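**Q**
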Amino acid sequence: MAQDLDEMMQKAPTLTLDPFGEEKAAVAEKEPEPLVKEEEVNLSPEERRMVEEFAAKIDLHSSNMILQYGAGAQKKMADFSETALENVRTKDLGEVGEMLASVVSELRTLEEEEEDKGFFSFFKKSGNKLANMKAKYEKAEGNVERICDALESHQIQLLKDIAMLDKMYELNVTYFKELSMYIAAGKRKLEEVRTTEMAQLEAKAKGSGLPEDAQAVSDLSSLCNRFEKKIHDLELTRAVSLQMAPQIRLVQSNDTLMSEKIQSTIVNTIPLWKSQMVLAIGVENSAKAAKAQREVTDMTNALLRKNAETLKMATIETAKETERGIVDMETLKATNESLIATLDEVMKIQTEGKEKRRAAEVELNRMEGELKQKLLEIH
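First residue of the sequence shown: 1, per full-length UniProt numbering; consecutive thereafter.
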C-alpha cells in the first residue's frame with residue numbers, strides 16, 4: 001500500500017481531455033498547497049496558465065468530451081478513497097487497548113497474603129510470603145514482557161501508518177488541487193461559451209427566425225447544462241476530497257496518541273513498576289527483619305523478666321535459709337519438753353518399780369515365812 005502511495009505521489013496535478021487515452025497531459029511543477037475552500041483556492045501563475053490553456057481546448061460540442069471531462073481525476077479520487085478505507089479497515093486499535101488493559105490486570109494480581117500470628121510461625125510464614133511474592137512478580141513480569149513485545153510491534157506498525165497517512169494527506173491535497181483546476185477551467189469555458197457563442201447563436205436565431213438556428217441554440221444550451229452538471233459532479237468529488245483531509249488527520253491523530261500511550265507504557269509505566277517491585281521486595285525484607293528483631297527483643301525481655309523473678313525468689317529463699325539457726329528454737333523447746341516429760345515418766349516408772357519391788361519383797365518374805373511354818377508343821 002505504501003509503495004502504491006509513493007507511485008501516486010510522484011504525479012503532480014494534471015489536466016487532460018482524454019483521461020483513458022494517450023494524450024499528453026499538462027503537468028504542474030509547483031508543490032501542492034494545503035486544502036482551502038473553493039472560493040479561497042489560490043492557483044500559482046503556472047497553474048493559472050495551465051487552466052487557461054486547458055479551457056481553450058475544451059469543446060462543448062463533443063458529447064464524449066463532456067462525458068469524460070474530469071473522469072480521470074474522479075477515478076484517482078475513487079481509488080484513493082478505497083486505499084484510505086482499506087487502511088482504516090485493517091486497523092485493530094482495540095487489540096492495543098486490550099493489551100494495555102492486560103498490563104493493568106497483571107499488576108493488580110499482585111496481592112499480599114496475610115500472615116499467621118506467633119513468634120515461630122512468623123519465620124516460616126514470612127519466608128513463604130517472600131518466596132510467593134517473588135514468584136508472583138516473576139510470573140507477572142514475564143506476562144508483561146510478552147505484552148510489551150506485542151505493543152512494540154504495534155507501535156512500529158502505527159509509526160509506519162502515521163508516515164503513510166502523511167503521504168495520503170499530501171496526495172489528497174494534490175487531487176484536490178487537480179479537481180479545483182478542472183472546475184476552474186470548466187467554469188471559465190462555460191462562461192466563455194455562454195457569453196460569446198451562445199449570445200451569437202441566440203442573436204442569429206432571433207434575426208433569422210429559422211428553426212435550425214433555434215435548434216442550434218437549444219442544442220448548445222443542452223450541452224452547456226450537461227457540462228454544468230459535470231462540473232457540479234466534480235465539485236461534489238472535490239467536497240469528498242475536502243472532507244477526506246480532516247478524516248485522515250483524525251485517524252493519524254488517533255494513531256499518534258495510541259503510539260505515544262504505548263511509548264509511555266514501555267518507557268515509564270513498566271520501568272516504574274519494576275522499580276516498585278524491587279522496593280516492595282526490599283521493604284518486605286526490611287519488615288521481616290524488623291519484625292524478627294522485635295520478636296527476638298520481646299522474647300529476650302520476657303526471658304529476662306522471668307529469670308529476674310526466679311532469681312528474686314531464689315535469693316529471698318536463700319537469704320531466709322541462711323538466716324535460720326542450725327536448730328530452730330521451737331524445735332529445741334519441743335525437744336526439751338519432750339525430754340523432760342520423758343525423764344518424768346522414767347522417774348515415775350522407777351518410783352513405781354521400787355514400790356512394786358518393796359511390796360514384792362514383803363510378799364516374798366511373808367510367803368517364805370508361811371512356807372517355813374508349813375514345813376515345820378510337817379516335821
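Where is the CB? At the ideal position from N, CA and C, for every residue including glycine.
Because the structure is a prediction, the values reported are computed rather than measured.
#1: Do you know offhand how far Q252's Cα is from I162's?
#2: By a C-beta neighbour count over all protein chains shown, 10 Å radius and 16 as the cutoff for buried, is T342 buried or exposed?
#3: Thinking D255 and L158 are a contact (beta carbons under 8 Å), I'd like their distance in whole angstroms, please.
#4: Mind checking which residues open and close the alpha helix (DSSP H) that includes V267?
#5: Skipping 5 residues on each side, what residues in its chain have a beta carbon closer than 8 Å to that of L223?
#6: Using the three-state DSSP reduction, which class does S221 fall into: helix, strand or coil?
#7: Which of the three DSSP states is assigned to residue 426 in this structure?
#8: Y137: which of T310, L279, E309, L303 sits nearest, CA to CA?
#9: With a cut-off of 8 Å on the beta carbons, I'd call A245 and N143 a contact; round off their distance for me.
#10: If we ignore side chains and look at the alpha-carbon of each, how far apart do S221 and L43 end up?
#11: State the Cα-Cα distance for the pair A360 and L376, rounded to the nearest angstrom.
#12: Just the Cα atoms here: how many angstroms apart are S286 and T300?
#13: Going by C-alpha to C-alpha distance, which of I231, S275, E330 sits closest to L179?
#14: Can you give me the C-alpha to C-alpha distance between C148 and I266, rounded to a whole angstrom?
#15: Using only alpha-carbon positions, find the residue among F227, Q200, K229 that is nearest to V217.
#16: Work out the CA separation of M50 and E260 for me, nearest whole Å.
#17: Would T83 pass as an interface residue toward chain D - the criterion being a Cβ-Cβ separation below 8 Å?
#18: K124 to R146, Cα distance in whole Å?
#19: Please state the DSSP three-state secondary structure of S44.
#20: Buried or exposed: G353, going by 16 or more other Cβ atoms within 10 Å of its Cβ?
#21: May I have the straight-line CA-CA distance separating E317 from N307, to the nearest angstrom?
#22: Looking at the structure shown, is T16 part of a helix, part of a strand, or coil, going by DSSP?
#23: Enumerate in chain order the residues of its own chain whose CB-to-CB distance from R194 is below 8 Å, with the five nearest sequence positions on each side excluded.
#24: Which term fits T331, buried or exposed, when burial requires 16 or more other beta carbons within 10 angstroms of its beta carbon?
#25: Have a look at M168 and E235 and give me their C-alpha separation to the nearest angstrom.
#26: Where does W156 land, buried or exposed, given buried means 16+ other C-beta within 10 angstroms?
#27: Is it true that the CB of Y175 sits closer than 8 Å to the CB of S241?
#28: Taking all protein chains shown into account, do 16 or more other C-beta atoms lie within 10 angstroms of the C-beta of L151, making it buried, or fewer, making it exposed?
#29: Have a look at K374 and E368 and give me their C-alpha separation to the nearest angstrom.
#30: Rounding to the nearest angstrom, what Cα-Cα distance links I340 and A319 in this structure?
**A** So, from the data block:
#1: Here residue 252 is taken as the residue at index 252 of the sequence shown, counted from 1. Here residue 162 is taken as the residue at index 162 of the sequence shown, counted from 1. The C-alpha of I162 is placed about 6 Å away from the C-alpha of Q252.
#2: Here residue 342 refers to the residue found at position 342 when the sequence shown is read from its first residue. It is exposed - the Cβ of T342 has fewer than 16 other Cβ atoms within 10 Å.
#3: For the purposes of this step, residue 255 is taken as the residue at position 255 of the sequence shown. For the purposes of this step, residue 158 is taken as the residue at position 158 of the sequence shown. Right, the Cβ-Cβ distance comes to about 5 Å (below 8 Å), so this counts as a contact.
#4: As a first step, residue 267 must be located in the sequence shown, where it is residue number 267. Counting along the chain, V267 sits inside no alpha helix (DSSP H), nor does DSSP assign it H or E at all.
#5: As a working note, residue 223 is residue 223 in the sequence shown. If the five residues before and after L223 are omitted, its C-beta is found closer than 8 Å to the C-beta atoms of L60, H61, S63, I66, all from its own chain and listed in chain order.
#6: For the purposes of this step, residue 221 is identified with residue 221 of the sequence shown, where counting begins at 1. S221: helix per DSSP, three-state reduction.
#7: This structure leaves residue 426 out entirely; the chain is present only between 1 and 379.
#8: Sequence index remark: in the sequence shown, residue 137 carries index 137 (1-based). Nearest in C-alpha terms to Y137, of all of T310, L279, E309, L303, is L279.
#9: Position 245 of the sequence shown, counted from the start, is the residue given in the question as residue 245. Position 143 of the sequence shown, counted from the start, is the residue given in the question as residue 143. Going by Cβ atoms, the distance from A245 to N143 rounds to 41 Å, so no, they are not a contact pair.
#10: Locating residue 221 in the sequence shown gives position 221, counting from the first residue. Locating residue 43 in the sequence shown gives position 43, counting from the first residue. Between S221 and L43, the C-alpha separation is close to 29 Å.
#11: One-based indexing of the sequence shown puts residue 360 at position 360. One-based indexing of the sequence shown puts residue 376 at position 376. Going by the C-alpha atoms only, they are around 24 Å apart.
#12: Walking along the sequence shown from the start, residue 286 turns up at place 286. Walking along the sequence shown from the start, residue 300 turns up at place 300. One C-alpha to the other measures close to 21 Å.
#13: Taking the sequence shown and counting its residues from 1, one reaches residue 179 at position 179. When each option's Cα is compared against that of L179, the closest is I231.
#14: Along the sequence shown, read from residue 1 onward, the residue named residue 148 stands at position 148. Along the sequence shown, read from residue 1 onward, the residue named residue 266 stands at position 266. If you take the alpha carbons of C148 and I266, they lie about 7 Å apart.
#15: As a position in the sequence shown, residue 217 is number 217, starting the count at 1. Of the residues F227, Q200, K229, the one whose Cα lies closest to the Cα of V217 is Q200.
#16: If you number the sequence shown from 1, residue 260 lands on position 260. If you number the sequence shown from 1, residue 50 lands on position 50. E260 and M50 have their C-alpha atoms roughly 44 Å apart.
#17: No chain D is present in this structure, which holds just one protein chain.
#18: As a working mapping, residue 124 is identified with position 124 in the sequence shown. As a working mapping, residue 146 is identified with position 146 in the sequence shown. Confidence at K124 is low in this model, with a pLDDT of 45, below 50, so its placement is unreliable and the value that follows should be read with caution. Taken atom to atom, the span from the alpha-carbon of K124 to that of R146 is near 34 Å.
#19: Locating residue 44 in the sequence shown gives position 44, where the first residue counts as 1. Looking at S44 - three-state DSSP - the assignment turns out to be coil, as it is neither helix nor strand.
#20: The residue labelled residue 353 in the question sits at position 353 within the sequence shown. Result: exposed.
#21: Along the sequence shown, one-based indexing puts residue 317 at 317. Along the sequence shown, one-based indexing puts residue 307 at 307. When rounded, the separation of the alpha-carbon atoms in E317 and N307 is 15 Å.
#22: Working through the sequence shown from its first residue, we reach residue 16 at position 16. In this structure, T16 counts as coil in the three-state DSSP scheme.
#23: As a position in the sequence shown, residue 194 is number 194, starting the count at 1. Excluding residues within five positions, the ones whose Cβ falls inside 8 Å are C224.
#24: Taking the first residue of the sequence shown as 1, we reach residue 331 at position 331. So T331 ends up on the exposed side.
#25: The count along the sequence shown starts at 1 and reaches residue 168 at position 168. The count along the sequence shown starts at 1 and reaches residue 235 at position 235. In a straight line, the C-alpha of M168 is about 20 Å away from that of E235.
#26: Reading the sequence shown from its first residue, position 156 is the one you call residue 156. First, the residue type needs correcting, since residue 156 is Ile and not Trp in the sequence shown. It is exposed - the Cβ of I156 has fewer than 16 other Cβ atoms within 10 Å.
#27: Along the sequence shown, read from residue 1 onward, the residue named residue 241 stands at position 241. Along the sequence shown, read from residue 1 onward, the residue named residue 175 stands at position 175. Note that the C-beta distance between S241 and Y175 is below 8 Å.
#28: Counted from its first residue, the sequence shown places residue 151 at position 151. Burial call: buried.
#29: Here residue 374 is taken as the residue at index 374 of the sequence shown, counted from 1. Here residue 368 is taken as the residue at index 368 of the sequence shown, counted from 1. Spanning the two alpha carbons is a distance of roughly 10 Å.
#30: As a first step, residue 340 must be located in the sequence shown, where it is residue number 340. As a first step, residue 319 must be located in the sequence shown, where it is residue number 319. In a straight line, the C-alpha of I340 is about 34 Å away from that of A319.
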